[in-house]
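Q: Chains as they are written, first to last, in full-length UniProt numbering: chain A, 1 to 268; chain B, 1 to 268.
Just so it is clear, CB atoms sit at the ideal spot from N, CA and C, and this is done for glycine as well.
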DNA sequence: GTTTCCCGAG
DNA sequence: CTCGGGAAAC
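Take a look at the structure:
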């Protein structure tokens, strides 16, 4: 099957609901990983997604963070709790197996500033997620770690690498860690398919006309294991939601895979 | 000329802007008195009304209160300050002469509760407005005192006169004062033209389905001097804005006058 | 319920 | 700039 996956930091699912539903109808991803839903579980607009034809798994908290996974096919497995304090303490982690693929959706802490304890938390969150994956999966299973990773790995991933060097999101320590994580057996799919493109997924609201001036960052990623990398046919940023009225500060990243082409080592 | 006047407590002019502009295009009043604009002067959406073909006078304050007068014809005179502390202390009073008619727009304090100092302030505000009018005008000039007066004068002006007797807005003291003020030479135009109609202009947001159950109050009025009363051809409540999405808790009161029929004692 | 302000967070 | 939350007012 042709399988479409997407990640989208919506910055408030209630504020973004009209835009998000419109985008889902246009793109019809088989799986959509959402971050920063910013609502408690009871306030999640579940019905709207069911009406749109999706199964929904969500994990919210008051005010901040919160993640959700929408799937056209019912999820085969769901992991809501990892029993790791760093991953479970805030609503930032959700894993779902759908269409035979494990999808890990994370909203990695932004980090605030390199001196702030939040930066240590960010690094720990990245490490623990990688460890959790390592403990549970091998690099030869079809796995997609996606979401707002909040790290721009390379100079071409920020609008001004000189000025931003050392800033949170483009700090040597996180970039090094990001590469180290890839070393386990993950491919940065967008960069893999587009080695030279300068394409962003986030533009700060606070910079005037940041979209028009393209003052962006590539912070949202699809990290895939080798079998999925080989099954990939496309991975691109969809700019349209960021250009509409009342946008999120992020815009979706979308990938297409030929799951039939998947060569899995294990029998199941 | 046929002259249409309206009063509308918008409960936040920024939140109500789409509804208000739509309503202005449908009704095209020559003068529209707005209350509870709830914005500072710098935040008033002046341009939107100019584009809609209106001259605008407004007086706002932070957070609460605030009044505005829209006129199709340029105002001949404007009174923004009365030099009376009670009238000028909060943004509740604005007077404009347009098309030869003096229009006094007030947002009378709600009063909170009969024991609260705010209730005394309400009574004082009503008295001072009446005094200001008396000091400046005679009952034989065309004058319209309109706005959210926050008094339901008679039992037929509230949804449950028994239960509400003594409540703020339907307290004997304010009703008595309201009648006393009319005694100077003002006519409650809606009641004058519709002696037996039970028609409201306000329905509390907090009562579930208050509009459908018609749990309302008649708090918004057009008090006119005799010449205007004789020139009046119509005075009715326009329910449509209260029935649309995102309504104010009030709905407009609209009146039509034949100004040619005006017999003014003075020459100008 | 609804609006506005102020706050913390990004 | 924008979101959500809590307070105050009606």
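Is there at least one non-hydrogen atom of the ligand FMN closer than 7 Å to the beta-carbon of residue 203 of chain A?
A: In terms of ligand content, the structure shown is empty, and the ligand FMN therefore cannot be addressed.
Q: Which residue spans inside the segment 98-161 of chain B form an unbroken beta strand (DSSP E) run of at least 3?
A: If we require 3 residues or more, the beta strand (DSSP E) runs fully inside the segment 98-161 of chain B come out as 101-107 and 143-148.
Q: Where does residue 266 of chain B sit, in a helix, a strand or coil, going by DSSP?
A: Only weak support is given to the placement of residue 266 of chain B: the predicted model assigns it a pLDDT of 47, under 50, and the question is left unresolved by the model.
Q: With a threshold of 7 Å on Cβ separation, who are the neighbours of residue 156 of chain A within its own chain once the five nearest residues in sequence on each side are excluded?
A: So the qualifying residues of the chain are 198.
Q: Report the CB separation of residue 219 of chain B from residue 202 of chain B in whole angstroms; it is logged as a contact under 8 Å.
A: Indeed they touch by this definition, with Cβ atoms about 5 Å apart.
Q: Do the CB positions of residue 148 of chain B and residue 107 of chain B come within less than 8 Å of each other?
A: Yes, the pair counts as a contact, with Cβ atoms nearer than the cut-off.
Q: Please name the residue in B/211, B/226, B/225 and B/261 whose C-alpha comes closest to that of residue 251 of chain B.
A: Comparing Cα positions, the closest option is B/211.
Q: Could you name the residues of the same chain whose beta carbon sits closer than 6 Å to that of residue 84 of chain A, not counting the 5 residues immediately before and after it, in chain order?
A: 128, listed in sequence order.
Q: Report the three-state DSSP secondary structure of residue 76 of chain B (helix, strand or coil).
A: Of the three classes helix, strand and coil, the one that applies to residue 76 of chain B here is coil, per DSSP.
Q: Which full runs of the beta strand (DSSP E) of 3+ residues lie inside the segment 220-265 of chain A, going along the chain?
A: Complete beta strand (DSSP E) runs here, min 3: 220-224, 232-237 and 253-258.
Q: Take residue 139 of chain A as the anchor and find which of A/244, A/230 and A/225 has the nearest alpha-carbon.
A: The shortest Cα separation from residue 139 of chain A among A/244, A/230 and A/225 belongs to A/225.
Q: Please report the straight-line C-alpha distance between residue 24 of chain B and residue 69 of chain B, rounded to a whole angstrom.
A: For residue 24 of chain B and residue 69 of chain B, the distance between alpha carbons rounds to 13 Å.
Q: Does the pairing of the segment 57-71 of chain B with the segment 178-186 of chain B give three or more beta-carbon distances under 8 Å?
A: The segment 57-71 of chain B, when compared against the segment 178-186 of chain B, does not touch it at the 8 Å Cβ threshold.
Q: Name the residue from A/131, A/146, A/27 and A/236 whose alpha carbon lies nearest to the alpha carbon of residue 255 of chain A.
A: Taking only the C-alpha atoms, the option nearest residue 255 of chain A is A/236.
Q: So, using beta-carbon positions, are residue 99 of chain B and residue 46 of chain B closer together than 8 Å?
A: No. Outside cutoff.
Q: Spatial neighbours of residue 17 of chain B within its chain, please: C-beta separation below 7 Å, excluding the five flanking residues on both sides.
A: Cβ within range, chain order: 45 and 48.
Q: Between A/160, A/150 and A/154, which lies nearest to residue 169 of chain A when the distance is taken from Cα to Cα?
A: Minimum Cα distance to residue 169 of chain A is reached at A/150.
Q: Kindly indicate which residue of A/37, A/41 and A/53 has the alpha-carbon position closest to the one of residue 28 of chain A.
A: Comparing Cα-Cα distances from residue 28 of chain A to each of A/37, A/41 and A/53, the minimum goes to A/53.
Q: Alpha carbon to alpha carbon, how far is residue 230 of chain B from residue 261 of chain B? Give it in angstroms, no decimals.
A: Looking at the two C-alpha atoms, the distance is approximately 8 Å.
Q: Helix, strand or coil for residue 12 of chain B? Go by DSSP, reduced to three states.
A: Here residue 12 of chain B sits in coil by DSSP.
Q: Return helix, strand or coil for residue 6 of chain B, following the three-state DSSP convention.
A: Three-state result, residue 6 of chain B: strand.
Q: Can you pull the DSSP bridge partners for residue 188 of chain A?
A: According to DSSP, residue 188 of chain A bridges with A/223.
Q: Would you kindly work out how many angstroms separate the C-alpha atoms of residue 78 of chain B and residue 94 of chain B, rounded to a whole number?
A: Distance between the alpha carbons of residue 78 of chain B and residue 94 of chain B is about 8 Å.
Q: For the beta strand (DSSP E) that contains residue 67 of chain A, what are its first and last residues?
A: Looking at the DSSP string, the run of the beta strand (DSSP E) that includes residue 67 of chain A is 67-71.
Q: Span of the beta strand (DSSP E) holding residue 30 of chain B?
A: Residue 30 of chain B -> no beta strand (DSSP E), and no H or E assigned at all.
Q: Could you check the C-alpha separation between residue 76 of chain A and residue 82 of chain A for me, to the nearest Å?
A: Answer to the nearest angstrom: the Cα atoms are 17 Å apart.
Q: Going by C-alpha distance, which of A/97, A/124 and A/118 is nearest residue 136 of chain A?
A: Looking at the Cα atoms, A/97 is the closest of the given residues.
Q: Residues in the same chain with beta-carbon distance under 6 Å from residue 4 of chain A, minus the five sequence neighbours each way, listed in chain order, please.
A: Result list for residue 4 of chain A: 29, 30 and 256, in chain order.
Q: Compare the C-alpha of residue 130 of chain A against each of A/117, A/104 and A/110 and name the closest.
A: Out of A/117, A/104 and A/110, A/104 has the C-alpha closest to the C-alpha of residue 130 of chain A.
Q: The beta strand (DSSP E) with residue 55 of chain B in it runs from where to where?
A: Unbroken beta strand (DSSP E) run through residue 55 of chain B: 55-59.
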